[in-house]
Structure formats: structure tokens, C-alpha cells
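Enquirer: Counting in the working numbering, the sequence shown runs from -1 upward without gaps. Each residue gets a CB set at the ideal place from its N, CA and C atoms; glycine is no exception. Here the structure is a predicted model, which means the values were calculated and not measured. Below is a structure I'd like to ask you about.
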Amino acid sequence: MTTDNVEPAAGAECVREPDPSDSLRTFGAVVQALREHAGLSRVEFGEIVRFSKHTVESVELGRRMPDASFVERAEEALGNTGALRNSARFLTRGEAGLAAWFRQWARLERVAVSLCTYECRLVPGLLQSEGYARAVFEGTVPVAPDDQLESFMERRMERQRMLYERPTTPFSFIVEEHVFRRRSGDAGQMRELFDHVLELSAPRNVTLQIVPLEAGLHACLDGPLQLLETPKGQRLAYSEGQQNGRLISDPKEVSLLQQRYDTLRSQALNAQDSRGLLGRLRGEL
């Protein structure tokens, strides 16, 4: 059997992924482990599944999304245990413009029945103006290439559509006052930011509270925090640091973080006073 001309004509699903997902890498590692356990080289395995050794390598390294024929033939060649066939159902492509550690949380955001966000570093991504978001991305180290920067911008603005498209989902934001006082551009860009935040926080299902400078120490000093509830009633949390993020599902830990968030709500300005403070900051420019 030869591997000449064995790449499928419907190869759209078998092209190189621009940004491999964790699930693709995991699936590929399982394929490689099973192949090696069977004592097959990539060339030998490729002949069996009728794909070139280059495609086999790309799948094993998580660089390609395997199509249905690859999965089925690999399953039959490697013991027919159902492991590959079942795990392939959970394969997802990487999402350009989102940090790898944030992708799972971003998918949960899309279906959440409620979302709470506390920020002490930056204006939350869901509230950022285009100019502010671009300034944030342009300031990253290492410097992002132009095409990647535009991908980041596209994803950031796409996420914000949730606030318009889901008018019955409660969105709660608590942000430190100093975040809005930090300059991210000239006066015009800052006014654009304040106007954007005021517009997005105007609907009844969106609540913005600001923690004033004089509030002092409070319950969420450990850092940024996000909380959500899934359609099935599960409560999850997410925390993020330098080059990493952590999805938290342990009920006790999530409950503790929810208590901290609820306590901070009572320490922050109410929604009306928060919007008033933003208006005053805008007027000071």
C-alpha cells in the first residue's frame, strides 16, 4: 500500500491549525501513545490509515484537526477500544485572539445564566472601548504582530456582543476607581472609554459598581475574580495572573469566592453613584 495521493479531497478539516487547542494536543498524544504501544512507526501507521506520515505527525502534535475518516481508521488500527472515537467528539479548535488559559472560561461565558466580574488592574474586557483595548494589546510584551493584534481586537469586540444580545442575563461588574483614573491615551480617548462604559452599563441587566479610593482594604484583595452560573445551576469561578488562568470548580472554594464578591458589593458604590463618579471623571478631562 502506498501513501501517494491519500490526503482526503475534503481536506478542509485536516489543514494545519493556526492556534492548536488543548483538546487537539491531548487527542494527538493519545494517538501517538497507542501507535507506539502497537509498535508502529508513523510511516507504517500512515499506510494503515491511508494518510501520509506528515498528516499523522501533525495530528499527533495537535497541529491538525483529524477528519472522521482518520479517527475511524485509527480507532480500528489501534485496538478498536472506542477511546479515539469517543474522545474525538470533544475536539475543539483553538480560538485565535484568546489566551490559551482563557478559552474554556470564554466558552462558559457564552452560555452562563449570570456573570460577575471584579477587576483591579484593567477595565474588564467586556466593557473596554476599542481604543482602550487596542492600547492594552499594543502594550503587551512580547509585541504582538499586526495580524495577531487584529485577531485580538476582533475577539474582544465579539465578546462584548453578549451584553447586547442577552438582555435577560445579569452581568455584574465591580471595578476599582484607580482603574478608571489610569490614563490609557489622550483626553479624547479617555472620554471615549467613559462614554463606552456608561453606554454598556446602562441596560437594566448590567450593573457596574466602583470601589472608591477611600474604601480602603476590602474582601477581594487577592486579585481579579470572575464568577458564573451555568444553565444547569453549577457555579464556577476563574482567577487570572501573569501568563496563566485557573478555572475553579470546587464548590467550597467557589462559595468562598462568592462570599468575598458579595461582601465587596456592599463596600463599593451603588450603581447610580458609580455612574455619577464616571461622569465626574469624564468632566475632569
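With DSSP run on the structure shown, which of helix, strand or coil describes Phe135?
Expert: Reduced to three states, the DSSP call for Phe135 is helix.
Enquirer: Just curious, the beta strand (DSSP E) that Leu224 is in, first and last residue?
Expert: Correcting the residue identity first, residue 224 is Gln in this sequence and not Leu. Gln224 -> beta strand (DSSP E) spans Leu223 to Glu227.
Enquirer: Is it a yes or a no for the segment 208 to 225 touching the segment 101 to 119, going by three-plus beta-carbon pairs under 8 Å?
Expert: The answer is yes - the segment 101 to 119 touches the segment 208 to 225, with three or more Cβ pairs under 8 Å.
Enquirer: Are the Cβ atoms of Arg280 and Arg189 separated by less than 8 Å?
Expert: Yes, the pair counts as a contact, with Cβ atoms nearer than the cut-off.
Enquirer: Note down the Cα distance separating Glu11 from Met63, rounded to an integer number of angstroms.
Expert: Note that Glu11 has pLDDT 37, beneath the 50 cutoff, so the model's placement of it is unreliable and no number is given.
Enquirer: Going by beta-carbon coordinates alone, are Leu196 and Arg273 separated by less than 8 Å?
Expert: Yes; because the gap between Cβ atoms is below 8 Å, this pair is in contact.
Enquirer: Under the three-state reduction of DSSP, which class applies to Arg61: helix, strand or coil?
Expert: Three-state result, Arg61: coil.
Enquirer: When you compare only the Cα positions, how much space is there between Arg244 and Arg105?
Expert: Computed Cα separation, rounded: 14 Å.
Enquirer: Label Gln126 either buried or exposed according to how many other C-beta atoms from any shown protein chain fall within 10 Å of its C-beta, with 16 as the threshold for buried.
Expert: Classification of Gln126: buried, given that the 10 Å Cβ count is 16 or more.
Enquirer: Tell me, which residues are paired with Gly243 by DSSP?
Expert: Bridge partners of Gly243: Glu238.
Enquirer: Identify every residue that forms a DSSP beta bridge with Ser272.
Expert: In the DSSP output, where bridge partners are listed per residue, Ser272 has none listed.
Enquirer: Which runs of the alpha helix (DSSP H) at least 4 residues long sit entirely within the segment 17 to 50? Give them in chain order.
Expert: Runs found: 20 to 35 and 40 to 47.
Enquirer: Which residues in the same chain as Met(-1) place their Cβ atom closer than 7 Å to its Cβ, once the five residues preceding and following it in sequence are excluded?
Expert: Here Met(-1) scores only 37 on pLDDT, less than 50, and its place in the model should not be relied on; the value that follows carries that caveat. Once the five neighbours on either side are set aside, the close Cβ partners of Met(-1) are Glu45.
Enquirer: Rounded to whole angstroms, what's the CA-CA distance from Ala72 to Gly239? Just pull it up for me.
Expert: Roughly 39 Å between the two C-alpha positions.
Enquirer: Less than 6 Å between C-beta atoms, sequence neighbours within five positions excluded: which residues of the same chain meet that for Ser199?
Expert: Contacts found: Leu206.
Enquirer: On the criterion of 16 or more Cβ atoms from any shown chain inside 10 Å, does Phe88 qualify as buried, or is it exposed?
Expert: Classification for Phe88: exposed.
Enquirer: If we count the other Cβ atoms within 10 Å of its Cβ and call it buried at 16 or more, is Gln241 buried or exposed?
Expert: Exposed, since its Cβ has fewer than 16 Cβ neighbours within 10 Å.
Enquirer: Have a look at the DSSP bridge pairing and note the partners of Gln256.
Expert: Gln256 pairs with nothing; no bridge assigned.
Enquirer: Output the distance between the C-alpha atoms of Ala142 and Phe135, rounded to the nearest integer angstrom.
Expert: Distance between the alpha carbons of Ala142 and Phe135: 8 Å.
Enquirer: Judging by CA-CA distance, which residue of Ser247, Glu55, Ala31 and Val28 is the nearest neighbour of Val41?
Expert: For the residues Ser247, Glu55, Ala31 and Val28, the minimum Cα distance to Val41 belongs to Glu55.
Enquirer: Work out the CA separation of Phe49 and Leu191 for me, nearest whole Å.
Expert: Roughly 52 Å between the two C-alpha positions.
Enquirer: Go to Gln299, then tell me how far its alpha helix (DSSP H) extends in each direction, as first and last residue.
Expert: Since the first residue shown for the chain is -1 and the last is 283, residue 299 is missing from the structure and cannot be characterised.
Enquirer: Assuming Leu234 and Ser247 form a contact by the criterion Cβ under 8 Å, report the distance between their Cβ atoms to the nearest whole angstrom.
Expert: Their Cβ separation, rounded to whole angstroms, is 6 Å, which keeps Leu234 and Ser247 in contact under 8 Å.
Enquirer: Quick check: Leu225 and Leu255, are their CB atoms within less than 8 Å of each other?
Expert: Going by C-beta atoms, Leu225 is nearer than 8 Å to Leu255.
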